[in-house]
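Numbering (the working numbering), first residue to last: -12 to 126.
For every residue, glycine included, the Cβ atom is placed at its ideal position computed from N, Cα and C.
For reference, the structure is listed below as structure tokens.
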Ligand SMILES: [Zn+2]
């Protein structure tokens, strides 16, 4: 009986997607931060962070129980694209950092693509693989 009513209530709703999960995780992190700030006797900051956590919980619930599936799907796709771009940026920075002794990295002045050049080759002309732009650099 209750199970049927719950099933009926939940059918056709968005449910937990990645963006809702992000909001829920952010809410937990913010609540922990709020506890830390209130322990440090910073009640105003703790209150503001608590409000942010509440906003995250509300946003998460709105997403989970929303029936506008298309809108939710679009927002989730936007969130995933942003997350992918950010993680790609961090992965490339990590790779650049680990190769910094053997290579120098240059950004194309025209298209901003990043290129890797072996160190110690002196002044060289670099040709961008993406747009064909040539520029001088010291490796
Ligand atoms: Zn280029």
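Quick one: does residue i have its CB under 8 Å from some CB of chain B?
i: residue 118; result: Given the protein chain composition of this structure (a single chain), no chain B is represented.
Within its chain, find whatever has a CB closer than 8 Å to the CB of residue i; leave out the 5 residues flanking it on each side and keep chain order.
i: residue 94; result: 100, 101 and 102
i: residue 98; result: 115, 117, 118 and 120
Pull up the DSSP beta-bridge partners for residue i, would you.
i: residue 10; result: Bridge partners of residue 10: none, in fact.
i: residue 112; result: 123
i: residue 94; result: 101
Any idea if residue i is buried or exposed, counting beta-carbon neighbours within 10 angstroms, 16 or more meaning buried?
i: residue 117; result: exposed
i: residue 40; result: buried
Whose C-beta lies closer than 7 Å to the C-beta of residue i among residues of the same chain, with five residues either side of it excluded?
i: residue 24; result: 32, 33 and 36
i: residue 21; result: 33, 36, 37 and 40
i: residue 90; result: 103, 104, 105 and 106
Residues in its own chain within less than 6 Å of residue i by CB, not counting five upstream and five downstream?
i: residue 79; result: none
Is the beta carbon of residue i sitting closer than 8 Å to the one on residue j?
i: residue 17; j: residue 43; result: yes
i: residue 112; j: residue 125; result: no
i: residue 83; j: residue 77; result: no
i: residue 14; j: residue 47; result: yes
i: residue 10; j: residue 50; result: yes
>> Tell me whether the segment 42 to 60 and the segment -1 to 16 touch, counting them as touching only if at least three CB pairs, one residue from each stretch, are closer than 8 Å.
In response: yes
> Using 8 Å as the Cβ pair cut-off and three pairs as the minimum, do the segment 47 to 57 and the segment -8 to 4 touch?
Replying inline: yes
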